[in-house]
Every structure is written in structure tokens, then in C-alpha cells.
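One structure below.
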């Protein structure tokens with residue numbers, strides 16, 4: 003295993019493509035640049051990704067998790083920490099200022115003896131993605147990947163190739179609207195990603211990859227950098243993409259089925275991360291970039 007960006011670069015075979023400049027940013031907020039994170043080399047030789055400042059500000063959470071044996075109990079501790087750290091049950095204490103219309107709604111809720119909660123948090127984002135990967139919540143998550151990992155979104159309600167196109171403008175508007183007047187949504191995603199990584203390595207310390215599947219009806223819309231054989235190729239995936247661990251279920255979502263070795267360190271969410279929170283028995287949310295994929299006969 004490589005220990006540094008320089009050592010990872012040394013694994014790159016002569017002539018092997020890297021993530022093109024049009025699919026990445028020159029800066030990000032983690033320990034590897036996007037040109038490495040999005041490369042085939044990183045897919046083959048994955049290393050741990052650390053987001054800036056998460057360990058500095060949230061080390062007490064991980065110290066506590068170290069002392070909890072059951073994964074379900076660790077999930078309870080994580081969600082309690084999120085509630086306390088981001089004041090999810092009391093958005094006004096975190097600085098949230100409701101509009102006049104929202105204030106009327108909040109007052110009505112209080113009169114019914116229910117807790118008033120601001121609607122935007124990490125669970126709402128996950129729920130929005132799992133329902134529709136082109137939703138406003140999904141735009142926020144794709145924007146977060148751009149900021150933290152430097153991997154540019156390639157699709158949101160259509161290809162994102164031209165920064166002046168209506169499709170791209172709509173994407174940026176949805177991303178901005180999804181973040182407006184919310185409580186540190188991107189920081190919540192930072193901690194969700196870091197917790198996911200902790201759980202993967204705690205549960206499977208000797209494993210580095212999952213074999214996952216993705217079905218598509220638009221394979222021709224992927225940027226293919228090289229064709230290794232009739233069944234294998236290197237493609238640029240969207241900066242955030244859903245995969246499945248269930249081959250049979252995946253088969254119903256497209257006419258082309260792709261198989262991929264996904265590094266643990268590029269997984270944001272897996273089905274059992276928050277037990278009982280979502281109805282997604284086999285869906286994984288994965289950071290994108292350049293991947294070696296193989297077609298599976300349907």
C-alpha cells in the first residue's frame with residue numbers, strides 16, 4: 003500500500019489515463035488531490051481519506067465509538083452526537099431565522115405540542131438522494147463532493163459540460179437553494195463520511211474494496227478514456243453515484259450492467275450504516291472519478 007501522494011503516483015503505469023482537468027478542481031479539503039482521488043491508481047491502491055478539521059473538532063465522538071462494541075449502539079451514539087453538535091432539534095439556537103411564513107408554520111407545530119425541527123439535515127439529504135439522485139438534496143451532496151474532494155459533478159438532470167448552460171445554472175441554483183439558511187449541512191456530511199469510514203474499517207479491517215454493480219441506460223453518455231476489452235473499460239462516473247450490492251435488484255434499472263471494485267475510502271453511505279433509518283437494502287453512495295468497470299451479461 004502507498005503512504006503518500008508521491009508513492010501513489012509511482013504506481014501509475016506509463017500511458018495510463020488520469021482524471022482529466024475538466025472533471026476536477028485544482029484544490030479540495032482533504033489529504034489527496036483530485037487528480038489522485040479520481041484515478042485508476044487510487045481505485046487499485048486505495049488509501050484512507052481524511053477531511054480537513056474533522057479529527058480536530060470531532061475526536062471525542064470517535065474516542066467514544068472505540069468503546070462501543072455493537073454497531074447498532076455506535077449508530078445510536080453517532081446520531082445523538084449529530085443532534086447535540088448541530089442542534090438539530092433546536093435550529094433557532096444554532097442561528098436559524100425563519101421567514102414569516104415559516105414562523106407561522108413553526109408556531110402551529112408548537113401549538114400541537116410537537117417539536118419544531120428545521121427540515122434540512124444529513125438524514126433529509128440522504129433521504130432525498132435515495133428517492134431521486136437529481137433532487138435538490140442531491141445537488142447539495144454533489145456540491146459537497148466538489149468542495150471536499152475536488153471531483154466535479156458530471157450530471158444533474160442532464161450532462162454538466164458547459165458552465166454557461168441552463169442545465170449547469172439550474173444545478174448551481176438548486177445547490178445554493180438547498181444550502182440557504184441551513185445549519186452547516188456540508189459539515190454534517192463531513193462527519194457522516196468520516197463515521198462511514200470508521201464503521202467500514204471497524205467492521206472489515208482487512209478489506210479494501212467492495213464489488214458493486216450499477217445499471218444504466220445511458221452508457222454512451224459516460225466519458226470513456228480507454229477500452230480495455232469488449233467487456234472492460236475506464237469511464238468517468240458522476241462525482242457521486244449510486245451502486246448496488248445486489249446483482250438481481252440492479253438488473254431492473256438499466257439495459258447495461260456494470261461491475262466495479264469500489265474502494266472503501268470512496269463510500270459515503272452503505273445500507274447498514276444507520277440501521278432502520280432508510281429503506282435501502284443494497285444501495286451504496288459512492289464518490290466518483292475514473293473507474294475501471296466491466297460489463298456483466300444480463
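Residue numbers (this note's numbering): 3 to 300. Using N, Cα and C, we set each Cβ at its ideal position, and we do this for glycine too. In this text the structure is predicted, and so the values were computed from the model without any measurement.
Taking the C-beta atoms as reference points, residue 242 is found nearer than 8 Å to residue 287. For residue 74, the enclosing alpha helix (DSSP H) begins and ends at 73 to 88. With contacts defined as CB atoms closer than 8 Å, residue 63 and residue 31 fail to qualify as a contacting pair.
Shortest Cα-Cα distance from residue 204 to any of 51, 35, 27, 67 involves 67. By the 16-neighbour rule on beta-carbons within 10 angstroms, residue 192 is buried.
In the DSSP assignment, residue 285 falls within the unbroken beta strand (DSSP E) covering 285 to 298. Secondary structure note for residue 213: its beta strand (DSSP E) is the uninterrupted segment 211 to 218. Taking one beta carbon from each stretch, the stretch 268 to 284 and the stretch 67 to 81 have 3 or more pairs nearer than 8 Å; the two touch. Counting only residues of its own chain and dropping the five nearest sequence neighbours on each side, residue 260 has a CB closer than 6 Å to the CB of 216, 295. The three-state reading of DSSP puts residue 29 in coil, since its state is none of H, G, I, E or B. Scanning the stretch 241 to 287 for uninterrupted alpha helix (DSSP H) segments of 4 residues or longer gives 249 to 252, listed from N- to C-terminal end. Judged by DSSP secondary structure, residue 168 falls within the alpha helix (DSSP H) whose first and last residues are 168 to 181.
With a 10 Å radius around the Cβ and a threshold of 16 neighbouring Cβ atoms, residue 123 comes out buried. Looking from the CA of residue 177, the closest CA among 42, 156, 138, 157 belongs to 138. Beta-bridge partners assigned by DSSP to residue 225: 238. When secondary structure is reduced to three states using DSSP, residue 53 falls in the strand class.
At a Cβ-Cβ threshold of 8 Å, residue 284 and residue 251 count as neighbours.
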